[in-house]
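This report concerns only the one structure given below.
Protein chains in written order, with full-length UniProt numbering: chain F, 1 to 142; chain H, 1 to 142.
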């Protein structure tokens, strides 16, 4: 979660949506990391998690199926769908007070979803949403 | 569907996964189009639909909610999740014989899903899967 949070902070410092993610192998090796690029790349689809998958590059199913995805915020329907597509078995999320994504859908498809209730993740989102509510609403399709 | 199929053909000609999509306004104006970029950009997340959303750029919710997404193939969980995130009310798909995506999930969330059983879309996918089965399996996380 520390790496995912570093990514989120990087996003915040760049003036973007501060959500970060990373992909860890069973052995604890980081094979992908990224943060939301809505502002930086004017991207509609590079959320923290999709950005992390994108940066990890093309990987075979055999790798994904042994990974854990760490993300600073409960994953939206697109990012949850990406995790399901790649058959990621476990997702650790920083918090879901700011936004509740498709956690139930993930769980109903057999994904283990763990919320670590991280205050740093929550505080960073609070600060961002207070400063740029319109960017946040755009990001979640509101 | 013609525009989405043109995108799919472009993808095929580039040596990539031949799935295309486009985003149409109520008035029938194409405001986004794209095709799968797994091979071309070594991208794990740019499917036909996400590529289309990405090329359409940052759009407000008010625009998405009046759009129809055309895609040559039944949308996978990631692309279905992207459509749900943006509250796209209607998806027209070329075919779902090759692959059945998260259609039921879309419908259970109120999205109108229309299958036009397009033979051209199906034939192009048949040809691609015969030629490059490993790329196709990678694309759907198999």
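The C-beta atom is built at its ideal place from N, Cα and C for all residues, glycine as well.
{"Asked": "is_contact[residue 142(F), chain H] using C-beta, thresh 7 Å", "Found": "yes"}
{"Asked": "Own chain, CB closer than 7 Å to residue 24(F), minus 5 neighbours either side, in chain order", "Found": "30, 67, 68 and 70"}
{"Asked": "Alpha-carbon to alpha-carbon, residue 126(H) and residue 84(H)", "Found": "28 Å"}
{"Asked": "Residue environment, residue 74(H), which counts as buried when at least 16 other CB atoms sit within 10 Å", "Found": "buried"}
{"Asked": "Contact set between residue 43(H) and chain F, taken where Cβ atoms lie within less than 8 Å", "Found": "54 and 58"}
{"Asked": "Coarse secondary structure for residue 21(H), derived from DSSP in three states", "Found": "strand"}
{"Asked": "Helix, strand or coil at residue 58(H) [DSSP, three-state]", "Found": "coil"}
{"Asked": "Chain-ordered neighbours of residue 78(F) on chain H, where CB pairs are closer than 7 Å", "Found": "78, 81, 82 and 85"}
{"Asked": "Residues that residue 138(H) contacts on chain F, provided the C-beta gap is smaller than 9 Å", "Found": "58, 59, 60 and 61"}
{"Asked": "Cross-strand partners of residue 112(H) (DSSP beta bridge)", "Found": "90(H)"}
{"Asked": "Neighbour list for residue 50(F) in chain H, Cβ cutoff strictly below 7 Å", "Found": "45"}
{"Asked": "Distance between residue 107(H) and residue 140(H) (C-alpha atoms, nearest Å)", "Found": "21 Å"}
{"Asked": "Residue span of the beta strand (DSSP E) that contains residue 69(H), given as start and end", "Found": "68-71"}
{"Asked": "Nearest residue (CA-CA) to residue 80(F), options 94(H), 105(H) and 114(H)", "Found": "105(H)"}
{"Asked": "C-beta atoms of residue 57(F) and residue 36(F) nearer than 7 Å", "Found": "no"}
{"Asked": "Where residue 38(F) meets chain H, residues with beta-carbon distance less than 7 Å", "Found": "58"}
{"Asked": "Where residue 140(F) falls: helix, strand or coil (DSSP)", "Found": "coil"}
{"Asked": "Per DSSP, the bridge partner or partners of residue 35(F)", "Found": "20(F)"}
{"Asked": "Contact check, residue 53(H) vs residue 82(H), beta carbons under 7 Å", "Found": "yes"}
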